[in-house]
Amino acid sequence: MSRKISILGATGSIGLSTLDLVRRAAPGAFDVVALTANSSAEQLGDLALEFGASIVALADPANVKVLEAKLTGSGIEIVTGPEGVIEAANRSADFCMAAIVGAAGLAPTLKAVEQGAHLGLANKECLVCAGSLFTDAVKKSGATLLPVDSEHNAIFQVLETRQPEAVRRIILTASGGPFRTTPYETLKTVTREDALNHPVWSMGAKISIDSATLFNKGLELIEASYLFDRSSAQIDIIIHPQSVVHSMVEYIDGSVLAQLGSPDMRTPIAYALAWPDRMNAPVERLDFAKTTKLEFEAPDETRFPALRLSRAALETGGHAPNIMNAANEIAVEAFLDNRLSYLGIAQTVEATLIAAESAQTLSHSPDSVANVIEIDALARRLAREIIAS
Ligand code: NAD
Ligand code: MG
């Protein structure tokens, strides 16, 4: 029987990798229901026609004419705006891939959660922003949350849930990004292009910058804490430049279980798509005779303040992760527009957290999604002011 699937963020790096697997799967294995994008109307139209989607949503309606022209006579329904994306997420499916980037993914992903089906979660920011509101919604709907972020997918694969107290710690691996060995003095002048040039992974622009600052690992620390119900003290971060060990779980008896694979997102995506079964993914196979070394080193919190800021935000709890995420999104946008230096990203995030603390918004727990969105907007405003000053 074919599985009905939807992809939120179909035109992005994760969305296209998901569709690549669908394209290669046995005919009829998957039936595409909904595809969404922000502004890439042309590409969304092509994908909708190729995969025979029932509905497409374009968040930014500016280019809707292009989409309408492409889909004339196809019978494919077109919806627009953020409400349109939520409507598409509400269409019944067996599996939804949440692959929008940033907090913009929160409302549509929560709508998909409400269906109680399988949810492949790539959009870590929505979990960072909403925390237990998100995990509670998952529990309430009975949805099955399948982490797609490679580290969390690795942990999901090796985590023994039958005896939670037997887990001693989770060890998140990080490639270290393009600036792993760059001296602090040089970091003052690195460019957008330097930062986008990731040594191992090929990803969207925002997560590539997050991988350069290590905010990606900070967001993942918070993501892991909520996903696996572990405190900050129970989650370690280790730099592993080859990105072959995707993460590890240590047990009280000293055993450490790891999941390994080539650095190709199609492995965790395939795992989520096929769960609880497995499906073929066209990835490079590990050749241990050739994989000459697997190196590990401690992260440097002086050159990468994102790690310290993220851990502090997780430990503060409340809205702190939400505020940190919003400030980071604004800072990354400014960096990509050449309005902010690389080191200015973490400085902006720290200054926003301090400004929010004096506004006494930090430690309050979010009580609703509306509240999360309100604080997100406040933090964005503070971060913009800090960048402008
Ligand atoms: P991307 O920038 O390549 O794609 C983002 C997608 O979201 C696009 O389809 C875009 O049209 C859509 N989008 C952007 N803004 C939107 C908005 N305001 N409203 C609606 N849709 C919008 O990003 P990506 O690299 O595919 O990452 C997607 C998510 O997956 C991120 O949360 C990222 O952290 C996570 N993730 C990505 C990778 C990776 O390898 N790319 C790995 C792990 C986790
Ligand atoms: Mg990751």
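Numbering-wise, this note's numbering comes out as the position in the sequence shown, counting from 1, plus 81. Beta carbons: idealized from backbone N, C-alpha and C, even for Gly.
Contact check for L187 against A203 fails: the beta carbons are separated by 8 Å or more. Separation of the CB atoms of F377 and I320 is rounded to 7 Å, and the pair is thereby assigned contact status at 8 Å. One alpha carbon belongs to R311, the other to I333, and they sit about 15 Å apart. Boundaries around S87 are those of the beta strand (DSSP E), 84–89, since no alpha helix (DSSP H) includes it.
Three or more Cβ pairs drawn from the region 164–175 and the region 133–142 lie within less than 8 Å of each other, which places the two stretches in contact. Checking the 7 Å criterion, the Cβ of S121 is within range of a heavy atom belonging to the ligand NAD. In the DSSP annotation of this structure, the continuous segment of the beta strand (DSSP E) that includes S328 starts and ends at 326–332. In this structure, S155 has its CB at a distance of at least 7 Å from all heavy atoms of the ligand MG.
A check of alpha carbon separations from T294 across A174, A247, P363, T429 identifies T429 as the nearest. Cβ contact annotation for A305 (same chain, cutoff 8 Å, sequence separation greater than five): E232, H233, I236, I251, L253, R311, I316, in chain order. Ranked by Cα distance from I181, the first of K287, L300, T225, P108 is K287. Three or more Cβ pairs closer than 8 Å define a contact, and the region 349–368 falls short of that threshold against the region 270–283. D230 has its Cβ nearer than 7 Å to a heavy atom of the ligand MG. Between the region 415–432 and the region 343–351 there are fewer than three C-beta pairs closer than 8 Å, too few to call the two in contact. Of all alpha-carbon atoms in V450, S444, R420, the one lying nearest the alpha-carbon of I467 is that of R420.
Judged by the Cβ position, M284 qualifies as a neighbour of the ligand NAD at the 7 Å threshold, a heavy atom of the ligand being closer than this.
In this structure, A198 and A174 form a Cβ contact; the two beta carbons are roughly 6 Å apart against a cut-off of 8 Å. Just so you know, the alpha carbons of Q441 and A370 end up roughly 56 Å apart. Straight across, the Cα-Cα distance linking R392 with L302 is about 8 Å. Here DSSP, grouped into helix, strand and coil, assigns V166 to helix. Shown here for Q124: same chain residues with a beta carbon closer than 8 Å to its own, the five before and five after excluded, namely T92, A118 in chain order. Comparing C-alpha distances from I435 to each of L148, I404, V194 shows the shortest one belongs to I404. Taken in chain order, the whole alpha helix (DSSP H) runs of length 4 or more contained in the region 216–270 are 231–239, 265–268.
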